[in-house]
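Trainee: Quick note on UniProt numbering: the sequence shown kicks off at 1 and runs consecutively.
Cβ atoms here follow ideal geometry from the backbone N, Cα and C, with glycine treated the same way.
The structure under discussion is supplied below as structure tokens; questions concerning it will follow.
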Amino acid sequence: MSWAKDEWKQELPPKALQKICDMEKEYENLQRLRQQQDLKIDGYVTALEKGKIDLEEERSSSAVLQKEVQELTIKVSNLEAKEERYANEIKNKEKAVEYGEELLEKARHKLKVENEKVMELEKSLEQERSEAEKYGERSEKMSVEVGKLKQEKAHISKENENYKERLGALTKELQTLRQIISENEQKAMKVAQESEKDNDESCHQEPVAMGSRSDAHAFLDILKKENRTLLRDLEQLKLQREQMKSIIEEKTNEIERSATKVAEMRIEVQDLRRELKTSKGKVSKLEGTVESRDRELGNLKEKVAKYKVNEERMKNEIKTLTWKNQLEAQNKHDELVEQSKRLETADVEKGRRPSDSENHAEESKVAAMEDKICQLSKENESLHEQLRCLREINSALAENAQEKDNRLKLYYNEKHDEIKKEEARLERVENLLLENGRLKERVRELENEERTSSASVNVCARCKQEMMPNDDNSSQKNSGADKKERTLGSEDGADEKMVTCKDVVSTPEEVDGTTNEAMTDNMEVDEGLQVNGKSLQTAAGVDKEQVTYLEHRYQGLNKDAEDDDIDVISCATTEHNSSLQHKILQVLLSLSTIQMEHEMVLRGVNKCYSTVKRIKQVLNSQVSDTENQDSMSKLYFDVDCLFSQLNSAKAIGQRCTTSVKSQIDSIAGYLEKIKEIDRDVHDDLKGSRSPERELSWDNFESERAFQTFKEATVDPLVKQIEDEVEDTLAKDCMSNLQATTSKQNDLRKGSQTNKQMNPIDRPDSAEPECKPHVTENALEFDDFVDVFRNLMEESNDLLSERMESLLQHFETNMLKNIAEIQKERQNKQKFPKSAENSSREEDDTAVVNPGKEEKHIFEELELMKKKICGVQKLVKHLMSSIELTKQEKEETHSHIDILTTQMRNMSSHHDMRYTELERTLRTASERELTLQRQINDLQTAKEDMSCNYKESLDNLRQKEQELAKLLQEIRNIQAKSKENEQKLKNKIEVLQGEKTCVWHDYMEASKEARERKNEIESLVAKMKKTEVSLMSLFNTIGNIDDFLQRAKEMNLFQ
């Protein structure tokens, strides 16, 4: 087509052609420019699109960053709230610490006061120890003196025995002398008669009279010699009596002194005991204070432990927050770097540089993030500082607690030492009491000696009574002798016969007088001994009273304990009869508890089955992954509940068996005691031996027993066995009770009739009424006890084996199902298409598993049937023994009626107990609600404590700053004080120099004053001498004047 273009140009002029060429060139240039501009526009459009995309990305990132910023602000606000809480906690803890410090100060003050008291007590203890030592020395001296007194008393007792022997000899001699005197009187009367008769015939019978006179003179000489010897003996006895009186007075004085000393010692012992009681009370109070302080320390330790736990928790939280903040900062920094790199690469690709505004905005963002990072780092540093402060505070608190512990330990050790010292002191007091016991024994010996002395006094009294008539005769004889002496004095030179008669009469009278004097002396001695014995008895009575008082005080506890034992024994004897009924009622209650616990077991088993069904449903269900997770969590929770329920069922079964076994053992032992009582009664009474028969359960028929064993079900069989067991237990218990009561009544009746009737006339029908009931019922109950034990043991074995097998089977199934579910999840994640097939397989397994479980259950039921067959055999064996005891059913119908009434009462009682238990459960649920509320309140309080902890941290920081300021002020004050001290030291040195100078001046002045004083004294002495000399001169002058005047008067100068 180019040729068409050029043709229209051929006819044109050249200028037009040139212009056309120019226009074409311009057109080509414009097309090129337009193409270039189109290309640029396309590039700009792509760039705009990329910019829009980048803007959208940046907006999304900015939105994310804004969300993060909001989250960070929320976290910062939370952190601030936590800091405030922690400050509040710290304030509260500071208050608690201040309160604890106040308590510590108070405790220290109390400790000081108590230490002072302890020092005073120690001083008093030392004084008491010294006094006790003195008393010990005194007691030793007293023991030595008592030994000496014993020796002296032994010597005195020997002398008393000698005196008694002498008195016996003297009494014998007096009797002989009396006989001799009577004979002499008779002879004298005969001589007087003969002399009157022979007066007329004197001339013829003079030589005979002379012979009789010579015989009378010889007899009188003998009597005079005997009288002289008796007088000498009397004088010796008087001297011995005086010596004995002096010795007895000394001994009485010594005994009185010893009694006063013993009384003082007893008073001092009582005072010491009182002081010991007071000291024990003080020690108990101190122990109480120590225990209270130990409790306070324990509370403080617990608080410190709580603070430590809170610190560790805060540390962990701070670490986690710092770690999270660091990670977030790093991630954000990395994202920003990546974004900047992307923008740079995009700008490079576009062929232009980023604008300054964009760079500035990005730099501002980076700077803001760096500022945030710096702030977070600063916050981390502040938190670390807070932690350091808290650690220091905790360390200080721990040190204070350790110091307090050490102080309390020292104080406790000191108190323990004091208690040991007081125990030693008590041992010394016990030794003193032993010494008092020894003194009591000595007093008893003295009493025995007094009894011997009293016996001697009685002997002397008897002798005196015997001597009283002789004294009357001797007084009459003395009066006659005096009259005869008067007549002889008036008649100068009367007959010699009358003189001889007077001598004969006077000699026996003198003998009687000497004997009377001796007896009076002996009576005086005996009276003195009686007085001394009375004084000794009074002292011994006082000693006895004090010793008995001490013995009562120290043996009062033992007597009280013995009285308590006696009361306990009497109560036991009274309660022995009532314990029979209580124990039998306890058996019935235990059987009712067994029923309740069996019901609880059934409920637990039902719960187990329900949980197993839910687990099967969860395993068969096919849901999404999130739903599977929820169902698995529920499954695990159900499994835990199932295992807990099964364990509780086990525990309940064990409790049932233990309770029933314990009750059965107690009843068996009690029945053995009843058998022994029956044997004793049978031995005592006549005709009481009755043949023992084998008894069995009452109202039990063989057909009813074997009907349940023929059937396949087990529950009615178990119920029937339990009902029969309860009936038999109740019947046997009541029969035993009635038998024992009837036996006691029979015994009482027999004891009353034994007094009234002869053994031949006693009725034999009243004795053996209730005996067969007791023995036969005891045998029946023994058989029942053995059977019931065997049944319980077998049932326990069955329960344990069944529970173990169920648990093992359940665990294996659960583990298999869990493993299969995990594998299926993995397969679903890898191969989602095969999920449907796996779900179908699960359904198949779910269908198969129930069949296996049913087979296992049927196997267990077969085992139970086999064991029930064994029980049937045992029951058959029992039935063979029951058939022998059907004859005695008629006797027990009355007992059954009574037991039915009692069972009704017991059932009502059990209903009441059940209502009470329901009430208690309601109260327990209400308490649980209250506890939950309290827990919530505690959580709120915990949060408040955290706030307080933050506030306390802030306060601690402020206080640390204040402390730093105060330390600086203290340092300045110390510097100023040092400067002032130096100035004062300089002044003191100057003053000391001045003082030394003044002292030297004072010494010199004192020396000068002394010298002057000596000079004045010498002058005074000289003046005195001059005065004396002047006085002498004046005297001489006066004398001279006198002399001169005399001379003038005498005119000598003329």
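(1) Go ahead and pull the three-state DSSP assignment for P14.
(2) For E981, list the residues DSSP reports as bridge partners.
(3) Can you give me the C-alpha to C-alpha distance between Q10 and D38, rounded to a whole angstrom?
(4) Per DSSP, which residues does E89 bridge with? Please list them.
(5) Using the three-state DSSP reduction, which class does Q707 fall into: helix, strand or coil?
(6) What runs of the beta strand (DSSP E), each 3 residues or longer, lie entirely inside the stretch 971–1035?
(7) Helix, strand or coil for N1051 per DSSP?
(8) Just how far apart, CA to CA, sit L300 and L272?
(9) Distance check for C374 and L65, CA to CA, integer angstroms please.
(10) I believe I90 touches L953 by the beta-carbon criterion, under 8 Å. Please report the beta-carbon distance rounded to the nearest angstrom.
(11) Which one of I222, R971, R257, N227 has the shortest CA to CA distance from V146?
(12) For a test of your reading of the model: does the CB of L446 fall under 8 Å from any non-hydrogen atom of the ligand MG? Yes or no.
(13) Sorted by chain position, which residues of the same chain lie with C-beta nearer than 6 Å to A1009's C-beta, five sequence neighbours on each side aside?
(14) Taking the straight line between their C-alpha atoms, what separation do you get for V990 and A964?
(15) Can you give the beta carbon distance from residue 1058 to E83, rounded, assuming they're within the 8 Å contact cut?
(16) Counting C-beta neighbours from all protein chains within 10 Å, is the total for E1049 16 or more, i.e. buried, or is it exposed?
(17) Skipping 5 residues on each side, what residues in its chain have a beta carbon closer than 6 Å to that of T930?
(18) Does the stretch 113–131 come within contact of the stretch 975–986, defined as at least 3 CB pairs closer than 8 Å?
(19) Are the Cβ atoms of L48 and E328 separated by less than 9 Å?
(20) When the Cα atoms are used, what is the spatial distance from Y554 to K261?
(21) Whole angstroms are fine: how far does the CA of E287 sit from the CA of I419?
(22) CA-CA distance, H909 and N936?
(23) Pick helix, strand or coil for V774, following the three-state DSSP scheme.
(24) Give the straight-line distance between the Cα atoms of E427 and K148, rounded to the nearest whole angstrom.
(25) Does the distance from the C-beta atom of E969 to that of R85 stay below 9 Å?
(26) Decide if the stretch 116–133 is in contact with the stretch 981–1001; the criterion is three or more beta carbon pairs, one per stretch, under 8 Å apart.
(27) In angstroms, rounded to a whole number, what distance separates the CA positions of D1042 and S1032?
(28) What does the Cβ neighbour count give for A941, buried or exposed, with the cut at 16 atoms within 10 Å?
(29) Is it buried or exposed, L938, if we count other Cβ atoms within 10 angstroms and call 16 or more buried?
Mentor: On the basis of the coordinates in this document:
(1) By one-based count along the sequence shown, residue 14 stands at place 14. Of the three classes helix, strand and coil, the one that applies to P14 here is helix, per DSSP.
(2) Residue 981 sits at position 981 when you count from the first residue of the sequence shown. For E981, which the question treats as bridged, DSSP gives no partner whatsoever.
(3) For the purposes of this step, residue 10 is taken as the residue at position 10 of the sequence shown. For the purposes of this step, residue 38 is taken as the residue at position 38 of the sequence shown. Roughly 35 Å between the two C-alpha positions.
(4) For this step, residue 89 is matched to residue 89 along the sequence shown. Its beta-bridge partners are N948.
(5) Working through the sequence shown from its first residue, we reach residue 707 at position 707. Note that Q707 scores a pLDDT of 44, beneath 50, so its modelled location is shaky and nothing firm can be said.
(6) none
(7) Taking the first residue of the sequence shown as 1, we reach residue 1051 at position 1051. The answer is coil: DSSP assigns N1051 none of H, G, I, E or B.
(8) Numbered from 1 along the sequence shown, position 300 holds the residue referred to as residue 300. Numbered from 1 along the sequence shown, position 272 holds the residue referred to as residue 272. Rounded to the nearest angstrom, the two C-alpha atoms are 41 Å apart.
(9) The count along the sequence shown starts at 1 and reaches residue 65 at position 65. The count along the sequence shown starts at 1 and reaches residue 374 at position 374. Going from the Cα of L65 to the Cα of C374 covers about 18 Å.
(10) As a working mapping, residue 90 is identified with position 90 in the sequence shown. As a working mapping, residue 953 is identified with position 953 in the sequence shown. I90 to L953, Cβ: 5 Å. Contact.
(11) On the sequence shown, position 146 is the one that residue 146 refers to. Among I222, R971, R257, N227, the Cα nearest to that of V146 is on R257.
(12) The ligand MG is not part of the structure shown, which contains no ligands of any sort.
(13) Here residue 1009 refers to the residue found at position 1009 when the sequence shown is read from its first residue. Closer than 6 Å at Cβ, skipping near neighbours: no residue.
(14) For this step, residue 990 is matched to residue 990 along the sequence shown. For this step, residue 964 is matched to residue 964 along the sequence shown. Between V990 and A964, the C-alpha separation is close to 39 Å.
(15) What is shown of the chain runs 1 to 1054, which leaves residue 1058 out entirely.
(16) Here residue 1049 is taken as the residue at index 1049 of the sequence shown, counted from 1. It is exposed - the Cβ of E1049 has fewer than 16 other Cβ atoms within 10 Å.
(17) As a first step, residue 930 is located in the sequence shown; it is residue number 930 there, counting from the start. No residues qualify anywhere along the chain.
(18) no
(19) By 1-based counting over the sequence shown, the position of residue 48 is 48. By 1-based counting over the sequence shown, the position of residue 328 is 328. No, Cβ-Cβ distance for L48 and E328 is not below 9 Å.
(20) By 1-based counting over the sequence shown, the position of residue 554 is 554. By 1-based counting over the sequence shown, the position of residue 261 is 261. Note that Y554 scores 41 on pLDDT, short of 50, meaning its location in the model is unreliable; the coordinates nonetheless yield the value given after this. Spanning the two alpha carbons is a distance of roughly 22 Å.
(21) The sequence position of residue 419 within the sequence shown is 419, counting from 1. The sequence position of residue 287 within the sequence shown is 287, counting from 1. Going from the Cα of I419 to the Cα of E287 covers about 11 Å.
(22) Within the sequence shown, residue 909 is the residue found at index 909, counting from 1. Within the sequence shown, residue 936 is the residue found at index 936, counting from 1. Answer to the nearest angstrom: the Cα atoms are 40 Å apart.
(23) What you label residue 774 is simply residue 774 of the sequence shown in a count that begins at 1. Note that V774 scores 38 on pLDDT, short of 50, meaning its location in the model is unreliable and no value can be drawn from it.
(24) Looking up residue 427 in the sequence shown gives position 427. Looking up residue 148 in the sequence shown gives position 148. Cα-Cα distance, rounded: 28 Å.
(25) Taking the first residue of the sequence shown as 1, we reach residue 969 at position 969. Taking the first residue of the sequence shown as 1, we reach residue 85 at position 85. Cβ atoms of E969 and R85: not closer than 9 Å.
(26) no
(27) Within the sequence shown, numbered from 1, the residue matching residue 1042 stands at position 1042. Within the sequence shown, numbered from 1, the residue matching residue 1032 stands at position 1032. Their backbone Cα atoms lie some 15 Å apart in a straight line.
(28) Taking the sequence shown and counting its residues from 1, the one referred to as residue 941 is at position 941. Burial call: exposed.
(29) In the sequence shown, the residue the question calls residue 938 occupies position 938. It counts as exposed.
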